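One structure is given below, encoded as structure tokens.
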Amino acid sequence: MRAENCRFFLVLMEFLLQVKNATNQIVMNCADIDIITASYAPEGDEEVHATGFNYQNEDEKVTLSFPSTLQKGTGTLKIDFVGELNDKMKGFYRSKYSTPSGDTRYAAVTQFEATDARRAFPCWDEPAIKATFDISLVVPKDRVALSNMNVVERRPYPDDESLVEVKFARSPVMSTYLVAFVVGEYDFVEARSQDGVLVRVYTPVGKAEQGKFALEVNLRWVWGLLFTEISQFWGFLGFFVVFWGFLGFLVGCRCTQRAGARLHARGQG
């Protein structure tokens, strides 16, 4: 993503949820997000549009108010909103890097642990609250889009020929802090484990060789997944971060090199 085009992001979300008690309000975690529209459609009934958004910034919450009572039962909550691609290294943030030719570029990276998913989308951002996630990303067609699950479809975006829509498979049931997505320029190396799991290691462009040792190691311990992606990030708060189906580590991390990994293991021993 180029610097001039990566300060904000637009999201259209749908939640399939269960209303347990009749109410005319829905309270969610939310931070650094501006909601454009929100509506709730009970299963088999007409859609009701929210008439107010009350942000409690200190508590990082938003209350959606509806003109009529939402009855008990299953329904679909839709929210359109704008978020900030921040420089705080939390939520959905920009990660600055330089290309081999010296140009400055930006990747878009997520860091949601422990409670920063709310900076990327309104949600119930508590570890005990879990859901499945269907993620689609609209990105420049010359960029790589990654998430927790495998890509099931990649197609041109109908409104802009410079973009593509990348759709990922549905995730298992998990907490919001395990959700991850990345957009950037990457090379990769890949192989399959003995169980047939596809493992890819993504690296900065021109540094695929550095991913071979990480690939070799991860092929030994992948289990219970359809695929696994490992990615080097240009900057995040932790040394190593783990999501479902997706691992992230800092560029230059010693665990990407055979001798360095041995040295690190001895130092921790």
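Mature numbering (1 follows the signal peptide of the UniProt record, and there is no 0) puts the sequence shown at residues -22 to -1, 1 to 247. For every residue, glycine included, the Cβ atom is placed at its ideal position computed from N, Cα and C. A quick note: this is a predicted structure, and the numbers were derived from the prediction, not measured.
With a threshold of 16 other CB atoms inside 10 Å of the CB of residue i, please say whether the residue is buried or exposed.
i: M(-10); result: exposed
i: D94; result: buried
i: F(-15); result: exposed
i: R96; result: buried
i: D103; result: buried
i: G53; result: buried
i: S153; result: buried
i: L215; result: With a pLDDT of 37 at L215, under the threshold of 50, the modelled position of this residue cannot be trusted; read the value that follows with caution. By the neighbour-count rule (16 or more Cβ atoms within 10 Å), L215 is not buried but exposed.
i: R132; result: exposed
i: Q(-5); result: exposed
i: N7; result: buried
i: L63; result: buried
i: A192; result: buried
i: A106; result: exposed
i: K66; result: exposed
i: T206; result: For T206, the pLDDT reaches just 48, beneath the cut-off of 50, and the residue's location in the model is therefore unreliable, although a value from the coordinates is still provided. Under this definition T206 is a buried residue.
i: R72; result: buried
i: E36; result: exposed
i: E25; result: exposed
i: A28; result: buried
i: A92; result: exposed
Determine whether the beta carbon atoms of residue i and residue j lie at a separation below 8 Å.
i: E163; j: V122; result: yes
i: F99; j: V177; result: no
i: A16; j: K74; result: no
i: Q188; j: T181; result: yes
i: P150; j: T110; result: yes
i: V161; j: L115; result: yes
i: F44; j: Y18; result: yes
i: T88; j: F59; result: no
i: I13; j: F31; result: yes
i: K(-3); j: K50; result: yes
i: L141; j: V117; result: yes
i: D120; j: R148; result: no
Please look up how many angstroms separate the CB atoms of residue i and residue j, rounded, as I've assumed it's under 8 Å.
i: V130; j: K108; result: That pair is no contact at about 22 Å.
i: G61; j: I11; result: 5 Å
i: S125; j: F159; result: 4 Å
i: T47; j: A(-1); result: 5 Å
In the DSSP assignment, find the unbroken alpha helix (DSSP H) run with residue i in it and report its ends.
i: V195; result: 190 to 196
Please report the residue range of the beta strand (DSSP E) in which residue i lies.
i: L48; result: 39 to 48
i: L(-13); result: -15 to -4
i: R83; result: 82 to 89
i: Q172; result: Per DSSP, Q172 belongs to no beta strand (DSSP E) and is neither H nor E.
i: G53; result: 51 to 62
i: P134; result: 129 to 134
Quickly, what does DSSP pair residue i with across the bridge? List them, please.
i: L156; result: Its beta-bridge partners do not exist; DSSP assigns none.
i: F99; result: Answer is none; F99 lacks a bridge partner.
i: F31; result: L42
i: S114; result: K145
i: L124; result: V160
i: S73; result: A85
i: A109; result: M152
i: N7; result: K39, C101
i: A16; result: I57
i: residue 284; result: The first residue shown for the chain is -22 and the last is 247, placing residue 284 beyond what the model contains.
i: T1; result: L48
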